[in-house]
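2 protein chains.
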Amino acid sequence: MVFMRSVSDLDTPSVTILIDRVQANIDRIQGMVAGAGFANRPHIKTHKIPQIARMQIAAGAVGITCQKLSEAEAFIDAGVADDILITFNIVGEKKLERLMALSARIKRLAVVADSETVLRGISAAAVRHDRVVPFLVECDTGFGRNGVQSPAAAVALAQLSTSLPGVRFEGVMTYPVGTPAAKIFLVETLALFAAAGIEVPIVSGGGSPALTSLADFPMLTEHRAGTYVYNDVMMMASGVAGWDDCALQVRATVVSRPSPDRAIIDAGSKVLTREQYYVKDFGRVVEYPDAVVANLSEEHGMIDLSRSATKPEVGDVVSIIPNHCCVVSNMVDRVYVVRGDQVIDIYPVAARGAVW
Amino acid sequence: MVFMRSVSDLDTPSVTILIDRVQANIDRIQGMVAGAGFANRPHIKTHKIPQIARMQIAAGAVGITCQKLSEAEAFIDAGVADDILITFNIVGEKKLERLMALSARIKRLAVVADSETVLRGISAAAVRHDRVVPFLVECDTGFGRNGVQSPAAAVALAQLSTSLPGVRFEGVMTYPVGTPAAKIFLVETLALFAAAGIEVPIVSGGGSPALTSLADFPMLTEHRAGTYVYNDVMMMASGVAGWDDCALQVRATVVSRPSPDRAIIDAGSKVLTREQYYVKDFGRVVEYPDAVVANLSEEHGMIDLSRSATKPEVGDVVSIIPNHCCVVSNMVDRVYVVRGDQVIDIYPVAARGAVW
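Going line by line, the protein sequences match chains A and B. My numbering puts the first residue of the first sequence at 219, with every later residue one more than the last. My numbering puts the first residue of the second sequence at 219, with every later residue one more than the last.
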């Protein structure tokens, strides 16, 4: 594609992707996961962009992870991967029919289950379509979200599956790994499976912050990380990335300087989102590293300049590293691909809004 | 449009609009604002849908409020209103050119300014296009966002405008009204304007929670409320709405019941958003009024059932009233228009993602 213009010509707010940092992040984490002896199955929810998934697969990823069926549909339509894991219970006839349609299109489409109800739904749909769907048992190893609540329940669900046609137990998965509780749960689970004489080919861990503690989880066979591809303030707070690893930046214009210590930018929660988790503000400013995005309205970002010796003026453009890059990807239809000071491409966010 | 299907046939997550409640909310607040003697200029950021703005104008609204140029573009393209106020500083040549193109298309397109820099930019662009742009001085009456910081600064900006071609001072605006600080600021500002012999034709207040205290703000001439059209948990917490006034609901499927007091639904922050403000959870469940949406991941909603005597099962569909309806509108491409148990129409969210 022949497309070049200066980054400074972009209107604001715009989401930019520093593509050389993306490549460096992909290479670094591929090396780290492969070095630990695991398959790398990156979660595409961070970028939602087939072009970037291709870079991950070219670097050695065995396939991709999707959270929702509609994400898998977008990536299969793009012809990106022939091995996809969907890490979300698929419930209801409409979705089960879509799952069957998708599973006919690639070599391996695996799913998860954490209850008999979910597993029986998949089994019945697979039987209707004369198919066998591989599944992992999702384990709640302490996060308090989905998942079986005990190692014994994981084994029981795997045992149940042997009596159900159309499903094939392939292992267990959890999110996130990296915690002592996750380690204990996985060790106990694998011991129970061994005692029951059931093979567990796949033990799938997840989460970018867990990348620093992979050595503590030798029982894993694959890892699913997402955020590492861009990085963000949360990743810096986790010690997994530094400023120069942050590839996604939101360009925004200062539209008001109502007081000496306050700047208002034209990017609010409709771009940056109000995701905080364990970070107490809403982003950092590349050009003013001592400034913080202290608050957000839908269209306004409030920057606290009190600790910043230099301060921007109305009309200046700043670059914001968001708290959480994954959710920013979901707010825009396209990202601008940047190398140096040039925009070299535009990637549609193919799976934006893919919640179905 | 001939389009009917059962609400229960909708896949999840889906955003539904109970259209009779929307009409009732529009009629009720139009009566309240008109009853206080003010012009009603609803903020379309809540719905972002031309069809609903038409209902507001049919009920008596004098025009609409948009936060960004791209919202105004969407609504002018739809031919909805010929009197629009954009309540966001317009900064930069690209946006000023778009403002000029828009202002030629409707009877009145007014803007705001809170600094000499912003005002001079508008003036220069207007001169280039031989146009006169009406503007209001934005006042920070305590919210800590945009706006001049004192009544004297408001008067000074209005006085400056008399020396600038292409701009016409029409009054002052603030967000939100309803607080003692806003009242004091406005009273002092209007006294200063009177002392300076400057007429202030428009005094524009904003915010749906302020609707309950309009009687305390007799100096207003118009009011800009948005959220009232749908209502949400924040509006209920503000005492402005009850459960039966909440017109926007997110239908979601229970995909996991990992423990007796926990249900996981397929609507997370990508639909409901993590906007909390002064509410401590993330939504209420219509069918289980004692349940709360206690936490959200991107695709998962965690419902706390501990106070709910009845509990949903995997596969059940529930209706969530979100914390903040405006931000939910921005997460989806379309909403399903519901009357009774039938989907009677689909409205595209025309200004979704309109941040430019």
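Each residue gets a CB set at the ideal place from its N, CA and C atoms; glycine is no exception. Fair warning: this is a prediction, and the values are worked out from it, not measured in the lab.
Of all residues in the segment 358-388 of chain B, the ones placed with a Cβ closer than 8 Å to any Cβ belonging to chain A are D358, G362, R363, N364, G365, V366 and Q367, in chain order.
For Y496(B), the secondary structure class from DSSP, reduced to helix, strand or coil, is coil. The beta carbon of I294(A) lies closer than 8 Å to those of I302, L320, R323 and I324 in the same chain, with the five residues before and after it left out. Three or more beta-carbon pairs separated by less than 8 Å link the segment 387-400 of chain B to the segment 425-441 of chain B, which places the two stretches in contact. At a beta-carbon threshold of 8 Å, the residues of chain A lying near P231(B) are V573 and W574, ordered along the chain. Contact between the segment 263-273 of chain A and the segment 433-449 of chain A is established, with three or more Cβ pairs separated by less than 8 Å. Look at the beta carbons and you see the segment 346-363 of chain B touching the segment 372-384 of chain B: at least three pairs across the two are nearer than 8 Å. Taking 7 Å as the threshold, the shortest C-beta distance from R492(B) to chain A falls below it. In chain order, D229, T230, T471 and G533 make up the part of chain B whose C-beta sits under 8 Å from the C-beta of G310(A). Taking 7 Å as the threshold, the shortest C-beta distance from K488(B) to chain A falls below it. Ranked by Cα distance from G360(B), the first of M391(B), A376(B) and A374(B) is M391(B). Beyond the five residues adjoining it in sequence on each side, W574(A) comes within less than 7 Å, by CB distance, of K286, L287 and S288 in the same chain, given in chain order. At a cut-off of 7 Å between C-beta atoms, Q285(B) counts as an interface residue with respect to chain A. Taking a Cβ-Cβ cut-off of 9 Å, the neighbours of M549(B) in chain A comprise N548, M549, G571 and V573, given in sequence order.
Contact check between the segment 462-473 of chain B and the segment 533-553 of chain B: three or more CB pairs, one atom from each, fall below 8 Å, which counts as touching. Chain B has no Cβ within less than 7 Å of the Cβ of S431(A).
Annotation for I416(A): no alpha helix (DSSP H) segment contains it, and DSSP assigns it neither H nor E. With 16 or more other Cβ atoms from the protein chains shown falling within 10 Å of its own Cβ, K313(B) counts as buried. When DSSP states are grouped into helix, strand and coil, R223(A) belongs to the strand group. The beta carbon of N541(B) does not come within 7 Å of any beta carbon belonging to chain A, so the residue lies off that interface. Below 8 Å, enough C-beta pairs join the segment 329-345 of chain B and the segment 366-383 of chain B to call them touching: three or more. Between S226(B) and chain A, the shortest Cβ-Cβ separation is not below 7 Å. In this structure, the CA atom of L354(B) is about 24 Å from the CA atom of I521(A).
Interface with chain B (7 Å Cβ-Cβ cutoff): D332(A) is included. If only complete runs of 3 or more residues are kept, the segment 345-377 of chain A shows the beta strand (DSSP E) at 351-357, in order along the chain. Exclusion of the five residues before and after L236(A) leaves A465 and V556 as the residues of its chain whose Cβ lies within less than 6 Å of its Cβ. Separation of the CB atoms of A455(B) and Y496(B) is rounded to 7 Å, and the pair is thereby assigned contact status at 8 Å. Annotation: V546(A) to L410(B) spans about 44 Å, alpha carbon to alpha carbon. The beta carbon of S474(B) falls within 7 Å of a beta carbon belonging to chain A, placing the residue at that interface.
Distance check between L378(A) and each of F403(A), A331(A) and A413(A) places A331(A) closest, using alpha-carbon atoms only. Judged by DSSP in its simplified three-state form, L317(A) adopts helix. Only F306 and N307 from the segment 292-308 of chain B bring a Cβ to less than 7 Å from some Cβ of chain A.
Pairing V510(B) with V233(B) gives a Cβ-Cβ distance that is not under 7 Å.
Annotation: Cβ neighbours of H518(A) in chain B (cutoff 7 Å, chain order): R363 and N364. For E505(B), the secondary structure class from DSSP, reduced to helix, strand or coil, is coil. Cβ neighbours of I482(A) within its own chain (closer than 8 Å, five residues either side excluded): V472, V473, S474, R475, P476, H518, G519, M520 and I521.
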